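Structure record follows, encoded as structure tokens.
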Amino acid sequence: MSSISAARRRLLFAGAAVAAAPWAAKAAFATPAANSDLAGTTLRVATYKGGWRALLQAAGLADTPYRIDWRELNNGVLHIEALNADALDIGSGSEIPAVFAARQKANVRLITRVREDLNNQVTLARKDTPIRSIADLKGKRVGYVRATTSHYFLYRQLTEAGLSFDDIQPINLSPSDGLSAYDRGDIDAWAIYGYNGQLARNRYGARVLKTGKGYLSGNFPVYANPRTLDDARRRAATGDLLLRFRRAYAWANGHFRDYALAQNSETRVPVADLVAMFDQRSEDYALLPVTPDVVAQHQQVADVFARIGVLDGPANVAPLWDTSFNALVAAT
């Protein structure tokens, strides 16, 4: 088993005091358990292709003292649904699925957050159009993915430019359909995230009008099943897993090509493209604690989506956030 410091391991169970705020969780950590105590424990963990499973394997941190039952679910909504149905212990995604979880009062908690790259969240223009700014999107055919980060940052960028969705021809497309539409010339611009944006730049010479930086928080929550957190052994395993994620992200920042090779084995995305995306990143990856500004930024997303009708009513995200792993995640 790869070593985790004794101080950190004690924090898996130590239960530091939780701040007295309305969004703060009250649960404390359980009593210490040796590795042998976790031998019969299984965590059902959702991963995306090229995500946590590949990350831990590449970083040499996959040899956990408990069993991980990896579930490949490539959509944050599926993570939320599985957690709510008690079919999963740990998942992840953007703030958006969690907004819907808050509206529906789903049985889910957000226990920490991954700081991710915002330069791969982009609004692109075709190279053969005169579009040079967000203001130039007026009257144009703009692809986006409804109820995702691309919907949110496109809305904010349009608002900043004095426009609304009524001023453009918005076309809701899945990422793969959006790439096909871009290829055919069926859209003039595209608000998209991840590898598809990189592919549009590499293959079609797409121009970046704006990235998500300054429009998105960069917080991608780690989702958890409250029933898992109430179980002493699964909670301890969850804490250990968070420490491994924290170490693995730090490792990946300095060894990204090695991580890209592991991602490639699952996604078949060319290593050179993955490395190029990393080299253009807005910030390094990191697993970080939950702070009041994180909750406030998440609430802003919920308020915007309620105002523009993406949500069917208001959503209060604060009850979803659990700060009881903060001391563990912040430990050095």
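Going letter by letter, the sequence shown gives residues -27 to -1, 1 to 305 in mature numbering (1 follows the signal peptide of the UniProt record, and there is no 0). Virtual Cβ for every residue (Gly too), placed ideally from N, Cα, C. Note that this is a predicted model, so its numbers are computed, not measured.
Residues sharing a beta bridge with F193, DSSP
V87
Beta-carbon spacing of Q130, L202 below 9 Å
no
Length of the line joining the Cα atoms of T122 and G191:
10 Å
Report all residues from its chain with a CB closer than 7 Å to the CB of A249; omit the five preceding and five following residues, and keep chain order.
Q171
Out of curiosity, what's the CA-to-CA distance linking L293 and V277?
18 Å
Look up A(-1) in the DSSP assignment and say whether it is helix, strand or coil.
Because the pLDDT of A(-1) is 30, which lies under 50, any placement of that residue in the model is unreliable, and the number read from its coordinates should be weighed accordingly. Three-state result, A(-1): coil.
Expected contact under 8 Å - CB spacing of R17 and L61 to nearest Å
5 Å
Cβ-based neighbour list, V72, same chain, cut-off 8 Å, excluding 5 preceding and 5 following:
H271, V274, A275, F278, L284, A288, V290
Find the nearest neighbour of L91 within the set D257, G286, R280, P265, judged by alpha-carbon distance.
D257
Compute the beta-carbon to beta-carbon distance between G66 and F193, rounded to the nearest angstrom, for a pair I have assumed lies under 8 Å.
7 Å
Just list the beta strand (DSSP E) runs in the segment 19 to 48, keeping only unbroken ones of 3 residues or longer that don't cross its boundaries, in chain order.
40 to 45
Counting pairs of beta carbons, one from the segment 46 to 59 and one from the segment 258 to 268, are three or more of them closer than 8 Å?
no
Could you check the C-alpha separation between A108 and L136 for me, to the nearest Å?
7 Å
Does DSSP put L11 in a helix, in a strand, or in coil?
helix
DSSP on S255, reduced to helix/strand/coil?
coil
Beta carbon of G151, beta carbon of I141: below 9 Å?
no
Helix, strand or coil: how does DSSP classify Y188 here?
coil
Report, in whole angstroms, the separation of the C-beta atoms of A197 and T211, which I expect to be a contact under 8 Å.
7 Å
Buried or exposed: S153, going by 16 or more other Cβ atoms within 10 Å of its Cβ?
exposed
So what's I53 in DSSP terms, helix, strand or just coil?
helix
Rounded to whole angstroms, what's the CA-CA distance from Y177 to R99? Just pull it up for me.
8 Å
CB L247 to CB A233, shorter than 9 Å?
yes
Hey, R200 and D59: beta-carbon distance below 9 Å or not?
yes
In whole angstroms, what separates the C-alpha of A269 from that of Q236?
33 Å
Assuming N48 and K22 form a contact by the criterion Cβ under 8 Å, report the distance between their Cβ atoms to the nearest whole angstrom.
Actually they do not touch by this definition, with Cβ atoms about 11 Å apart.
Burial state of P143 (16 or more Cβ within 10 Å)
buried
Considering only the alpha carbon of each residue, which of S297, A205, L189 lies closest to T96?
L189
7 Å CB neighbourhood of A(-3) in its chain, flanking five on each side removed:
At A(-3), the pLDDT of 34 sits below 50, so the modelled position is not reliable; the number obtained from the coordinates is stated separately. Cβ neighbours of A(-3) beyond the five flanking positions: V(-10), D295, T296, S297.
Determine the DSSP secondary structure at Q142, reduced to helix, strand or coil.
strand
Which residue wins for smallest C-alpha separation from T15, given the options D231, V115, G187, R44?
R44
Would you give the residue range spanned by the beta strand (DSSP E) that W163 belongs to?
162 to 166
Nearest CA to the CA of A259: which residue from R230, I281, A303?
A303
Just to confirm the assignment, what range does the beta strand (DSSP E) spanning V115 have?
114 to 117
From D101, A79, R207, residue whose alpha carbon lies closest to that of R157:
D101
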